[in-house]
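Structure first, commentary second.
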Amino acid sequence: MADFKTHAMGAALVSGVLATGLFMTGEVVRSAVVGYFALGFIGGLLPDIDSSHSIPVRIAFHILAVVAGFLMLFAVGQRYSLAELVILWLACYILIRHGLFTLFNRFTVHRGLIHSVPAAALFGLVTVLLAYRGFGASALQAWLCGSFLFAGCLVHLLLDELYSVNLQGMRLKNSFGTAFSFGSPHNRLGALLLYLAVIGLFYLSPSAKTFVAFLLDHDVQRRVFNRLLPGHDWFAGFLTFCNIVSVRLS
Ligand SMILES: [Zn+2]
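Start counting the sequence shown at 191; every next residue gets the next number (this note's numbering).
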């Protein structure tokens with residue numbers, strides 16, 4: 191199984207290449223590309239949220255505990271003294287950081303349903319819906335958001351699968367085939383519910399027609415493929431630029 195650093199690097203690399211390709215189409219603004227990249231990166235860490243040792247989960251619960259504590263203070267701040275508020279904030283923090291975290295760990299098995307392809311699809315579709323209904327994104331933008339998150343999740347699952355091949359002895363470790371899974375055989379009901387949720391969310395999502403048309407658009411494809419490799423020289427103009435700088439400096 192790949193570690194946190196490998197997942198972060200893999201997700202950043204794939205998401206970065208995809209985001210750059212998207213930018214080359216000339217159809218999206220620069221700031222949106224950064225957002226898509228971030229979603230791909232988050233997707234690369236998401237399948238491990240069921241692991242109690244996962245660094246992002248620990249950080250997420252920590253932040254949630256602090257933020258929830260402050261939200262509660264804003265809600266009841268007028269009524270109590272400072273001493274009472276500090277006690278309330280601490281109680282809220284401990285309840286979430288330890289109580290809720292322990293509960294979450296008890297009910298999720300690492301490499302269970304969350305660590306699977308249908309769960310990745312579910313995360314992607316939730317992102318599509320959130321972007322479309324919550325943030326007022328267009329159908330194309332919403333599907334791009336969901337696709338980046340989904341792609342990040344797939345990179346995570348593939349990396350875990352690759353790491354289950356012992357490259358030195360070319361042997362397969364016991365974990366081979368468990369990372370890139372389509373559902374857990376130990377939890378058939380859970381897997382069925384997961385697939386039903388994916389179908390339900392797909393029907394709730396905006397039409398993917400503009401997104402598919404965008405991907406299949408020959409003009410868009412040509413703009414990216416034309417720039418896959420340099421036309422004449424690699425880094426054309428870069429040496430001239432360096433010469434000008436060195437002459438100016440001397
Ligand atoms: Zn994993």
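We put the beta carbon where it would ideally sit given N, CA and C, even for glycine. Computed from a prediction, not measured in an experiment: that's the story for all the values here.
- Here S371 carries a strand assignment [DSSP, helix/strand/coil].
- S306 carries a strand assignment under DSSP once its states are collapsed to helix, strand and coil.
- For the pair F251 and L235, the Cα-to-Cα distance works out to about 15 Å.
- Taking the Cβ of D240 as the reference point, every heavy atom of ligand 1 lies at 7 Å or farther away.
- By the CB criterion at 8 Å, A332 and V388 fall outside the cutoff.
- With respect to the 8 Å criterion, I239 and V247 are classified as neighbours on the basis of their beta carbons.
- For P237, the CB falls within less than 7 Å of some heavy atom of ligand 1.
- With contacts defined as CB atoms closer than 8 Å, A309 and L384 qualify as a contacting pair.
- Between ligand 1 and D193, a heavy atom-to-CB distance of less than 7 Å is absent.
- Look at the segment 219 to 304 and you find these whole runs of alpha helix (DSSP H), each 4 residues long or longer: 220 to 235, 245 to 266, 272 to 284 and 291 to 297.
- Taking a contact as a CB-CB distance under 8 Å, the pair Y283 and V256 counts as one, their CB atoms being some 7 Å apart.
- Taking C-beta atoms under 8 Å as the contact rule, N416 and L303 fail to qualify, at a distance of about 42 Å.
- Going by C-alpha positions, N295 is about 14 Å away from P237.
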